[in-house]
Each structure stands twice: as C-alpha cells, then as structure tokens.
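What follows is one structure encoded as structure tokens, with my remarks underneath.
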Amino acid sequence: MVIEYAKYLGVDPLREPQLLRIAQEGLVAPLPDGWSEHTNDHGEVFYHHRESGSSVWQHPLDNFYKSKVRTKHLSLLCE
C-alpha cells in the first residue's frame, strides 16, 4: 500500500526510496479536525467536512503530502 500511495504522490519508489517515508507518514496521518471518512453504497470511500458540508473523494491531506514530495524533489535538484 505504501508503494501505491508513494506513486500517487509522485514518488518513484525505485529511484527515490528515501521519499517513501513521506508516503508512510501520509498513510497513518489522522484526518484534520472537522473531517470524517465515509463509504457510499458502492463501497467507495469519501471524506466529509462537517462545517462546510462539502464532500471529496481525495483524502483531505493528499495535496499536503504531494506538496511535500514536490518540495523534496526541488531540494534534491538543487543539491
């Protein structure tokens, strides 16, 4: 599961094994306050934000972890 999530975040597991920790961190991160996980009638997971009433298919922190990967990619390019 870590490998799949790492690829989703933009990590190449074979070339960037040092970035797998970001995927591991993302997989165990709790949902932000106000968010809850639900499953629809088809068994698909979605996330609901109580205060705004909005629902999304992506985990609310996915973009945060994608950003961490992009930042790390940029820092590796500058080395």
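Residue numbers for the sequence shown follow this note's numbering, beginning at 8 and rising by one. Where is the CB? At the ideal position from N, CA and C, for every residue including glycine.
Residues of its chain near residue i, where Cβ-Cβ distance is below 7 Å and the 5 sequence neighbours each way are ignored
i     : result
MET8  : LEU34
ASN47 : PHE53
Neighbourhood of residue i by C-beta distance below 8 Å, restricted to the same chain and skipping five residues each side
i     : result
TRP42 : TYR54, HIS55, HIS56, ARG57, PRO67
TYR12 : ALA30, GLY33, LEU34
Three-state class that DSSP yields for residue i in the structure shown
i     : result
VAL18 : coil
GLU51 : coil
HIS66 : coil
SER59 : coil
GLU86 : coil
GLU44 : strand
LEU26 : helix
LEU34 : helix
Cβ-Cβ distance between residue i and residue j below 7 Å
i     : j     : result
LEU16 : ALA36 : no
LYS73 : LEU26 : no
PRO20 : ILE10 : yes
Per-residue burial, residue i [other beta carbons within 10 Å of its own, 16 or more giving buried]
i     : result
LYS75 : buried
VAL52 : exposed
VAL63 : exposed
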